[in-house]
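Reading through the structure tokens given below for one structure.
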Amino acid sequence: MSKKPLRFYTWRNLGRRGSSLLAVALLCLAVGWANAPAASAHDQLVSSTPAPAERLSVPPSSISLKFSSPLLKLGYEVRVVDAALKNWVQGDPLLDRETLTQPLASGLPEGEYQVRWRVVSSDGHPINGSYSLLVGDSAQAGSVPAPGTAAQPETKAVPDAATAQATSPALPGWLIAAGIGAAAGLGLYLAYLAVRRGLRNTAADK
Ligand SMILES: [Cu+2]
Numbered sequence: 552m553s554k555k556p557l558r559f560y561t562w563r564n565l566g567r568r569g570s571s572l573l574a575v576a577l578l579c580l581a582v583g584w585a586n587a588p589a590a591s592a593h594d595q596l597v598s599s600t601p602a603p604a605e606r607l608s609v610p611p612s613s614i615s616l617k618f619s620s621p622l623l624k625l626g627y628e629v630r631v632v633d634a635a636l637k638n639w640v641q642g643d644p645l646l647d648r649e650t651l652t653q654p655l656a657s658g659l660p661e662g663e664y665q666v667r668w669r670v671v672s673s674d675g676h677p678i679n680g681s682y683s684l685l686v687g688d689s690a691q692a693g694s695v696p697a698p699g700t701a702a703q704p705e706t707k708a709v710p711d712a713a714t715a716q717a718t719s720p721a722l723p724g725w726l727i728a729a730g731i732g733a734a735a736g737l738g739l740y741l742a743y744l745a746v747r748r749g750l751r752n753t754a755a756d757k
């Protein structure tokens, strides 16, 4: 019943392969942590005024969209189109943290309208969606074609700058984190090698 020392677990006895594994493990952890929030933090539309499928007796003067987190001010657009795909927005949308408000032209005729939005999620990903609303008692649902179907003259939903910028910020975020993780792992590994060399040298001196 000899008391075995936990040799494998001591820092000194990790050995070359062990330290490499440790460095890789640290790197994976760092990258994992960096990526985890990005993968799960995709913002969502939580509420809107008017609400989806709402039938309004009076035409709305604006559309207000509320998201789950403050959006990035890289690019955002709201279009409110009728069956002929005419856009009824008037003026620029106003982004206030997680709420995007789009003023509308006055006096929308009776009919179905489709609210089409595109924003940049707080994690840097462009997200979009659409929903319909009805103005007037006689308005029929299903008259506005779904976005992206047929040949539509308004495929350029979001300003180019927004699309171009929207995709890139997501990359540097995790790249930087991965770089930090890699640097940290490498640094630890090099430090370990240095310590081991130092120990060997002092042992040799004796
Ligand atoms: Cu996302």
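In this text, residue positions in the sequence shown follow the working numbering: the first is 552, and each later residue adds one. No residue lacks a Cβ here, since even glycine has one placed at the ideal position from N, Cα and C. As the structure is a computational prediction, the values presented were derived from the model and not from experiment.
An exposed status is given to residue 751, since fewer than 16 other beta-carbon atoms sit within 10 Å of its beta-carbon. In the same chain as residue 665, and ignoring 5 residues on each side of it, the C-beta atoms closer than 6 Å to its own belong to 632, 681, 683, 695, in chain order.
In this structure, the beta-carbon distance from residue 615 to residue 594 does not fall below 8 Å.
With contacts defined by Cβ atoms closer than 8 Å, residue 641 and residue 655 form a contacting pair.
Counting every other CB atom within 10 Å of its CB across the protein chains shown gives residue 629 a total of 16 or more, marking it as buried.
Measuring C-alpha to C-alpha distances from residue 652 to each of 738, 742, 637, 669 identifies 669 as the nearest. Distance from the C-beta of residue 672 to the nearest heavy atom of ligand 1 is below 7 Å. In the DSSP annotation of this structure, the continuous segment of the beta strand (DSSP E) that includes residue 668 starts and ends at 662–671. Between residue 606 and the set 597, 736, 661, the nearest pair of CA atoms involves 661.
Residue 675 sits in coil when the DSSP states are folded into three classes, being neither helix nor strand. Residue burial annotation: residue 699 is exposed, with fewer than 16 other C-beta atoms found within 10 angstroms of its C-beta.
Shown here, residue 636 sits in coil according to DSSP, grouped into three states, outside any helix or strand. Remark: C-beta atoms of residue 617 and residue 650 approach each other more closely than 8 Å.
Within the DSSP bridge table, the entry for residue 630 names 667 as partners.
For residue 647, the enclosing beta strand (DSSP E) has its first and last residue at 645–647.
A distance below 6 Å between beta-carbons, with the five flanking residues on each side excluded, links residue 599 to the following residues of its chain, in chain order: 616. In this structure, 673 is the residue among 673, 634, 733, 637 with its C-alpha nearest to the C-alpha of residue 647.
Residue 737 counts as exposed, since fewer than 16 other beta carbons sit within 10 angstroms of its beta carbon. Here residue 623 carries a strand assignment [DSSP, helix/strand/coil].
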